[in-house]
Every structure is written in structure tokens, then in C-alpha cells.
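Participant: Following this message is one structure expressed as C-alpha cells.
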Amino acid sequence: MAFGSFDILHPGHIYFLREAKNLGDNLIVVVARDSTIKEVKNLTPKYNEKQRVEHIRDLRIADKVLLGYEADKYEVIEDINPDIIALGDDQDSFADNLQEEMKKRRMSPKIIRLEGYKEHHYKSSKLR
Numbered sequence: 118m119a120f121g122s123f124d125i126l127h128p129g130h131i132y133f134l135r136e137a138k139n140l141g142d143n144l145i146v147v148v149a150r151d152s153t154i155k156e157v158k159n160l161t162p163k164y165n166e167k168q169r170v171e172h173i174r175d176l177r178i179a180d181k182v183l184l185g186y187e188a189d190k191y192e193v194i195e196d197i198n199p200d201i202i203a204l205g206d207d208q209d210s211f212a213d214n215l216q217e218e219m220k221k222r223r224m225s226p227k228i229i230r231l232e233g234y235k236e237h238h239y240k241s242s243k244l245r
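Numbering of the sequence shown is given in the numbering used here, commencing with residue 118 and proceeding in unit increments.
Put into C-alpha cells, the structure is as follows:
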């Protein structure tokens, strides 16, 4: 399982998704809701959530692409119950509480932080 905003799709996102796919048999990608991006990053995404889901589907890397939940961003993990959660090197806001939340929910997926791909070139915030 992998998460992200994927607002301005770039080679770093593609690298992240391919690396996440290599970690297991199936890759489920959860795309952040517009409301979550506004709350966490304090910005309005360039592409709306439905467009961003389609952009990820069009890559044909993920086996399933879905929107995150608005009320509880960790509940989608409970519903899917993945063996592995792949996080990008820049996903600190999500990663900070992830381990604690998984313990509260009596879940123990393996959490793997993936290295960035030329992160000094490819970050959505730099491409805005």
C-alpha cells in the first residue's frame, strides 16, 4: 500500500510507485482527498481528487487506486489491512503518527521508507 497527493505527477512519483510495487504482490495506492491536502499542506491541489486518481490509474503501475477517507485517514489502512506500507522520503506528516496509530488499531504492517528519486529536482512543491 502506498499513499500520496500525486498532484503534479512527476518522475519522482513514478519511481516511488514502481519501488512500492516491487515490495509485494499487489499495490494499492490511496490518493489523498482534496480536503486532506488543504488541511495538511495548507494549499488547494492543482488537480482535483478524481483527476489525480485517474492520473495514477493511467500509469498502470498500481493494481487498485482509491481515494483516502476524509474523517479518519488511517481507517483505509484498517479496511485494506496491508502487509506492507510504503512511504516516500517526504511523507513526514503522515509517517509521524503511523506506527502509533497501527499499534492502537492492533495492526502490524511492515512500514518501509523508500528513498527519493532526485528529490532536489522532483518535488511537487518545487514544480508549482
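Cβ coordinates follow ideal geometry from the N, Cα and C atoms, glycine included.
Let's see if you can read the secondary structure: which residues bound the beta strand (DSSP E) around D228?
Facilitator: Here residue 228 refers to the residue found at position 111 of the sequence shown. The question names Asp, but residue 228 in the sequence shown is Ile. Residues 227-230.
Participant: Hey, how far is the Cα of L134 from the Cα of E187?
Facilitator: Here residue 134 refers to the residue found at position 17 when the sequence shown is read from its first residue. Here residue 187 refers to the residue found at position 70 when the sequence shown is read from its first residue. Approximately 23 Å, taken between the alpha carbons.
Participant: Could you name the residues of the same chain whose beta carbon sits closer than 7 Å to that of F123, not counting the 5 residues immediately before and after it, in chain order?
Facilitator: Mapped onto the sequence shown, residue 123 falls at position 6. Once the five neighbours on either side are set aside, the close Cβ partners of F123 are H130, V148, R169, H172, I173.
Participant: State buried or exposed for V146, treating a residue as buried only when at least 16 other CB atoms are found within 10 Å of its CB.
Facilitator: Residue 146 sits at position 29 when you count from the first residue of the sequence shown. Its Cβ being crowded by 16 or more others within 10 Å, V146 is buried.
Participant: Thinking just about the alpha-carbon of each residue, which of L184, N198, Y191 is nearest to the one in S225?
Facilitator: Position 108 of the sequence shown holds residue 225. Taking only the C-alpha atoms, the option nearest S225 is N198.
Participant: With DSSP run on the structure shown, which of helix, strand or coil describes G129?
Facilitator: In the sequence shown, the residue the question calls residue 129 occupies position 12. The answer is helix: DSSP assigns G129 an H, G or I state.
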